[in-house]
Each structure stands twice: as C-alpha cells, then as structure tokens.
Amino acid sequence: MLPEGRPLWPGRVRFRRAMVVLAVASFSAPYSIAQDTPTPNTTGTTSDRNGPIVSTSHPTPRTTPPGPKPSYDSSDCMRLTSLPIAKLQLELDGEDMVLVDQILKATSPDHGHVLFTHAPKEVMWWVRTMGSISIQWLLTAIHETNHAVNSTLTNCNAGEATYSFQGRIIKTEHKSGDTPRYAVLADALPPAFKSRQVGSRYPTYIERNGASPASSFAHLLEELVVYTGAAGVELSIVRSKDYKWLLPREIDAFDGNAGGMVDFMLYAVSYLKAVRISHPDAYARLQQQPNTLSVLQATWTAAEGTLRAIYDYTRLANLGGVLIVSRDALLTTYSDDFLAELDRLGIAHAPAGAWLTTYLRNPQ
Ligand SMILES: [Zn+2]
0 MLPEGRPLWP GRVRFRRAMV VLAVASFSAP YSIAQDTPTP NTTGTTSDRN
50 GPIVSTSHPT PRTTPPGPKP SYDSSDCMRL TSLPIAKLQL ELDGEDMVLV
100 DQILKATSPD HGHVLFTHAP KEVMWWVRTM GSISIQWLLT AIHETNHAVN
150 STLTNCNAGE ATYSFQGRII KTEHKSGDTP RYAVLADALP PAFKSRQVGS
200 RYPTYIERNG ASPASSFAHL LEELVVYTGA AGVELSIVRS KDYKWLLPRE
250 IDAFDGNAGG MVDFMLYAVS YLKAVRISHP DAYARLQQQP NTLSVLQATW
300 TAAEGTLRAI YDYTRLANLG GVLIVSRDAL LTTYSDDFLA ELDRLGIAHA
350 PAGAWLTTYL RNPQ
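Once you know that position 22 of the sequence shown is 21 in numbering that gives the first Met the number 0, the rest is easy, because the numbers rise by one and skip nothing.
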C-alpha cells in the first residue's frame, strides 16, 4: 500500500463540477529526490460532457493485490541496459498484465513497452496499487517506472545521471551537486507561475522537491524526460481507436503528462536563466557537459513533436479534448527572453510562431 502522506499524481485531474484534491509527498531513493506517487483512488462527479471523445465500456480485468514495491540493486544493471528488449523474457503474470502488455506494445513500443519490459513488476505494482487500468493510472505507472529505472541506471553508473527515454539509455556526465538545487529557478520564473493553488505543480516540485539538497539540474531534467516520455504515450492513447476505452468517462479533462511536460519546459528555461545569472561557475560546468545537453536537446525536440501532434486532443482545441495544457506556460516558454537561454546552449527549438495557429490562437 502507499505510505501515508506520500501520494503525488504527476498532474492534476479536473472535474466539471468538482476538483479532486490530491495529496503530495516524495520518496528519498539513494539517488534522486523526485519520485512522485499518485493518489490511487479518486471519486468524482458524473460527467455530462458531450464531446467527441466518448469512452466505451471495456471489461477491465480485476487487478491482483500489488505486494511489496520492487526494489533494485546492482544486479539489475545488466537487465536495465539490455537493448533491444526483444532479447528479454517477459513473464506475463495475470490477466491485467497481459492487457498492459498488449496496450503498451500497440501504443508505445518505443517507450512505454520498453520500460514495461525492463521493469515489468514496477509497472504492475503501480497499476495494481491504483486498482484500475485507465489513461491516467496507466500513464502514472509509466511515469513512475521511468523514475525508478532512471534512478537505478544512475546508481549503476556511479551517480552519473542516466535516463531511459524512447528506447535509448542515455548516460550523462552530470552528478548531483554539479549545479544548484533546482528551486533556484524561482528567481527567473515569472510570479504568475508561482501559484500555490490546488493543481499547481509549483509547491510540490519547485518549493519542495527542488529545494532538496540532493536536487540539481539532473533532477529537473529527469522530470522533463519522464513527463515528455509519458506524454508521447498519452498522445498515442488519445488518438488510438482501439484504446478509447482507456479515456476517462467520469471526468471532462485532466492535466497529466502533456500538461506536466509544458510546465517543465518552462521550469527548464527558467532554471537555465537563473543559474546563468546567479551561479556562473555552475553554468560553465553545464556548458562543458555535452551529454547532459544532448538529453535536453532530445527531450525538447520530442516535446515539440508531441505538442504538434496532440493539440487537437487538448481542451484548448475543443471542448471534447481531454488533455489540459497551459497556454500561458507555453507562451512564456516561447518568449524571446527564454528562447535565448536555449540558443546560448545551442539547443535547437521551434520558433514562437510555430504555435500561433494552435495553442497561442484566441487568447483567453
Ligand atoms: Zn515525476
């Protein structure tokens, strides 16, 4: 079971008539501060949404009790770095696990299914803890499994931050402490994004996780990697004909991994600006870490690709869109000021104008 006071859903769930309050907290793994866990059960109102995305019933199998949460040590290093994953034997234990395997294989062979194959017990622990298979909870399982895999890989590499992202294992030269804790991004983040209201990621991630002495750019990048990877799976599911039944019936829209991806794009550029101005030595160290910057580049490029493809399924595009993405966060990220931070580090990105016919149309 989830320890008390620990849950943290990576996004927020918005109901038409009610807002579900989700508790927050974090783990302290050997490496990392940024494990976050979801609230397993939420209850809400029945939706009267009449949008184009309508869930159909599906016989979701009863899930079995989760048992103890998996743990990892150096004996897992070889398995977690094995690619291609086809070489790994996957024992499907239970009807729910067969279904998860089928969904991820069909919707996300290059990311979700890779994580599932590397850490099947971790994915199923999350799914079984939450007790249902839906887009929110399956994606939470993928998000959290990505954290667990990254944390283990980093320990396998003597603390050099390592990420599993879209079928690649990417090792960097960044160690915890190379750059300031990521709460310093508050120096550059515009005040409008420092809300402490329910649903804001700021209090949990920036004020709490980002203030941990163990946090650094690696941990901020970790969240961007994990949210972006899972947002790609979210995209595949929302546009899949076969898996419409995974979409929520009881809620109108939710702020999950796509929403978190955009928030962390803004947090990332804010961090780069704050460190460049106030911590020049650390900024110089970051400039000398090509592998770390290559992870930022790979993630940024993937995030932009997902943003282009996912727009029609967002609330900004139509009332039936189930995904909540912050227009203001995207607008601010693509301001000249913040794009200059990417330019200084040679990170390629889309121009602000790329979103003028979609997300940045019709200011609210
Ligand atoms: Zn996370």
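For every residue, glycine included, the Cβ atom is placed at its ideal position computed from N, Cα and C.
Bear in mind the structure is a predicted one, so any value in this text is a computation, not a measurement.
Where residue i sits in the DSSP three-state scheme
i	result
I205	helix
L355	coil
T171	strand
D342	helix
T36	The pLDDT assigned to T36 is 43, lower than 50, so where the model puts this residue is not dependable; a value taken from the coordinates is nonetheless given after this. It is a strand residue.
N49	Reliability of the predicted coordinates at N49 is poor, the pLDDT of 27 falling under 50, and the value obtained from them is presented with this limitation in mind. Note: N49 maps to coil in three-state DSSP.
E90	coil
Y71	coil
D254	strand
L315	coil
S133	coil
S269	helix
Y162	strand
L188	coil
L246	coil
L82	coil
H348	coil
E143	helix
Whole-number beta carbon distance between residue j and residue i, since they are thought to touch under 8 Å
i	j	result
D254	I323	4 Å
V99	M123	7 Å
T171	A160	5 Å
V232	L138	6 Å
A185	I205	6 Å
E121	P69	5 Å
T151	L79	6 Å
Q286	L344	7 Å
G320	T331	Contact flag wrong, Cβ pair sits at about 21 Å.
M260	A316	About 16 Å; that fails the 8 Å criterion.
L338	A351	7 Å
Identity of the residue in the options nearest residue i by Cα
i	options	result
P247	N256, V237, G93	V237
Y270	D336, Q196, G319	D336
I346	G176, R195, M264, R127	M264
S381	L79, A273, I168	Residue 381 lies beyond the residue range present for the chain, which begins at 0 and ends at 363; the question has no answer from this structure.
Y310	E340, R343, Q196, A257	A257
G304	E340, A353, F192	A353
I132	G166, T153, D95, E143	D95
M129	G66, Q165, V268, R200	G66
E340	R307, L292, L355	L292
S325	F192, A182, R167	F192
A230	G176, I134, D251, P119	I134
A283	T313, R78, H173	H173
V268	A252, P189, L315	P189
S199	R180, S211, R167, Y266	Y266
I250	Y181, E90, Q88, L318	L318
A182	A213, C155, N156, Y162	A213
M77	L359, I102, C155, G93	C155
D228	R180, Y162, R207, R195	The question names Asp, but residue 228 in the sequence shown is Gly. Considering only alpha carbons, the answer is Y162.
V294	F164, A252, R195, S175	F164
L234	S175, L306, N290	L306
Min CB distance residue i to chain D below 9 Å
i	result
G209	No chain D is present in this structure, which holds just one protein chain.
Is the number of C-beta pairs between the segment 138-148 and the segment 271-279 that are closer than 8 Å three or more? no
Hey, is the segment 81-92 in contact with the segment 102-116, meaning 3+ C-beta pairs nearer than 8 Å? yes
contact_flag[the segment 295-308, the segment 216-230] where n(CB pairs < 8 Å) is 3 or more: yes
Segment contact flag, the segment 226-244 with the segment 103-112, C-beta cutoff 8 Å, min 3 pairs: yes
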